[in-house]
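Written below as structure tokens is the structure these notes are about.
Encoded structure:
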């Protein structure tokens, strides 16, 4: 409401409007201070909760700064610019009201976002693999049909997938195995959410049992909550790793070894694809074993295994086997690719 009054009064009289700028500044300071205080460790806000609050607070403060600066340089008095900037501030405030409430909801929101990113990546590369496996005549017909539908170079750029190329026959086994690891990433994120629920049930039982909380109960509860936090950070690394792996999966794949001079002669360097593939495999296996073990620690000591459902245990075991198998398939495909490339040269 203050921003609307500020804009209207500033258009009539800049001096009267400037009096309300102090109220806007105080509002920005209050929001910034609140966001800062919520980052204190003793308040128990998890990283996802702090992240959502920080994003919304920054959006509001930024909108206030832009509005005041536009009044000072008179840009807001040009047409309806002031009204647009005021609307942007209102929208930022409305978005702040939509921040997920509580650590559990914030964690689930982030996990759903990461799963959605996995689905989009899978769909994109499944289409690329499908196009690469299509018969030449089908590819020619599809290309002709697409060219008729696209009316400009910009549309052609927006509608194309990746580099607009397809995988060769020796690249397909490698990218298929990498795509399977993306699916495994989605699977680990899915069972992570179920593992959260299992751990949360244990915490709820601890709260129910102890009306007078003793030190042992508090230590066990803290250890389990810390275990959930560690698993969520592992899930974050998996989501980031999936994105990084997807960036190097576009055709044509760069799988050729390069040699650089080292102290002991020429040293063969792994490609970026191999590096991302290896890192994502490690992230996935680390998270899978972490869920499978389910052993929270307090001061370096195990406090007992978190009981997981049969579904979580079964899925975790299957994913561990699948991750190692797909990683081996990708490595074997890279070896065959290089053998064939060397024989051709």
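In our numbering, the protein residues as written are 1 to 345. Positions of the beta carbon are idealized from the N, C-alpha and C atoms, including for glycine.
Problem - 3 or more residues per run - each beta strand (DSSP E) lying fully within the segment 226-263 - result: Runs found: 258-262.
Handout entry: Residue from 193, 79, 61 with nearest C-alpha to residue 113
Key = Per the Cα distances, 193.
Handout entry: At least three beta-carbon pairs within less than 8 Å, the segment 65-79 to the segment 94-102
Key = With a cut-off of 8 Å, the segment 94-102 and the segment 65-79 do not count as touching, because too few Cβ pairs lie within range.
Practice task
Could you check if residue 276 is buried or exposed, using at least 16 other CB atoms within 10 Å of its CB as the buried criterion?
Solution key: Around the beta carbon of residue 276, 16 or more other beta carbons lie within 10 angstroms, which makes this residue buried.
Practice task
State buried or exposed for residue 51, treating a residue as buried only when at least 16 other CB atoms are found within 10 Å of its CB.
Solution key: Exposed: under 16 other Cβ atoms inside 10 Å.
Practice task
Identify the continuous alpha helix (DSSP H) that holds residue 185 and give its terminal residues.
Solution key: Unbroken alpha helix (DSSP H) run through residue 185: 172-209.
Handout entry: Entirely enclosed alpha helix (DSSP H) segments - the segment 43-86, minimum 4 residues
Key = Secondary structure remark: continuous alpha helix (DSSP H) runs of at least 4 residues inside the segment 43-86, in chain order: 47-72.
Exercise for the section: Could you have a look at residue 138 and say whether DSSP puts it in helix, strand or coil? Expected result: Because the pLDDT at residue 138 is just 46, under 50, the model does not fix this residue reliably, and the point stays unresolved.
Handout entry: N-terminal and C-terminal residue of the alpha helix (DSSP H) that residue 24 is part of
Key = From DSSP, the alpha helix (DSSP H) with residue 24 extends over 21-37.
Exercise for the section: Could you tell me the distance, in whole angstroms, from the CA atom of residue 253 to the CA atom of residue 188? Expected result: Rounded to the nearest whole angstrom, the C-alpha separation of residue 253 and residue 188 is 26 Å.
Practice task
Determine the direct distance from the alpha carbon of residue 294 to that of residue 198, and round the result to whole angstroms.
Solution key: Their Cα atoms are separated by approximately 10 Å.
Handout entry: One or two residues paired with residue 301 in a DSSP bridge
Key = As a beta-bridge residue in DSSP terms, residue 301 pairs with 298.
Practice task
Please look up how many angstroms separate the CB atoms of residue 246 and residue 175, rounded, as I've assumed it's under 8 Å.
Solution key: Incorrect: roughly 11 Å between the Cβ atoms, too far for contact.
Handout entry: Distance, residue 231 Cα to residue 167 Cα
Key = Between residue 167 and residue 231, the C-alpha separation is close to 35 Å.
Problem - Cut-off 7 Å between Cβ atoms - residues of its own chain near residue 88, not counting five sequence neighbours on either side - result: When the five nearest sequence neighbours on each side are left out, the beta carbons in the same chain lying within less than 7 Å of the beta carbon of residue 88 are those of 63, in order along the chain.
Handout entry: Terminal residues of the alpha helix (DSSP H) in which residue 169 lies
Key = It is not in any alpha helix (DSSP H) - residue 169 carries neither H nor E in the DSSP assignment.
Exercise for the section: With a cut-off of 8 Å on the beta carbons, I'd call residue 297 and residue 223 a contact; round off their distance for me. Expected result: Confirmed, Cβ separation roughly 6 Å.
Exercise for the section: Return the CA-CA distance between residue 239 and residue 308, expressed in angstroms with no decimal places. Expected result: Taking the Cα positions, residue 239 is about 23 Å away from residue 308.
Practice task
In angstroms with no decimal places, state the Cα-to-Cα distance between residue 25 and residue 59.
Solution key: Near 14 Å, if we compare the C-alpha coordinates of residue 59 and residue 25.
Practice task
Quick one: using the 10 Å Cβ neighbour count with 16 as the cut-off for buried, is residue 102 buried or exposed?
Solution key: The residue is exposed, with fewer than 16 neighbouring Cβ atoms inside 10 Å.
Problem - Segment limits, alpha helix (DSSP H) that includes residue 97 - result: No alpha helix (DSSP H) holds residue 97; DSSP gives it neither H nor E.
Practice task
Keeping to the same chain, check which residues put their C-beta closer than 7 Å to that of residue 54; ignore five residues upstream and five downstream.
Solution key: The residues are 35.
Problem - Spatial distance of residue 337 from residue 257 (CA atoms) - result: Counting only the Cα atoms, residue 257 lies some 11 Å from residue 337.
Handout entry: Proximity below 8 Å, CB of residue 249 to CB of residue 178
Key = Contact: yes.
Handout entry: Supposed close pair residue 291, residue 321 - CB separation, criterion 8 Å
Key = Going by Cβ atoms, the distance from residue 291 to residue 321 rounds to 14 Å, so no, they are not a contact pair.
Practice task
Under 6 Å Cβ to Cβ from residue 272, same chain only, skipping five residues before and after it: list those, please.
Solution key: So the qualifying residues of the chain are 248.
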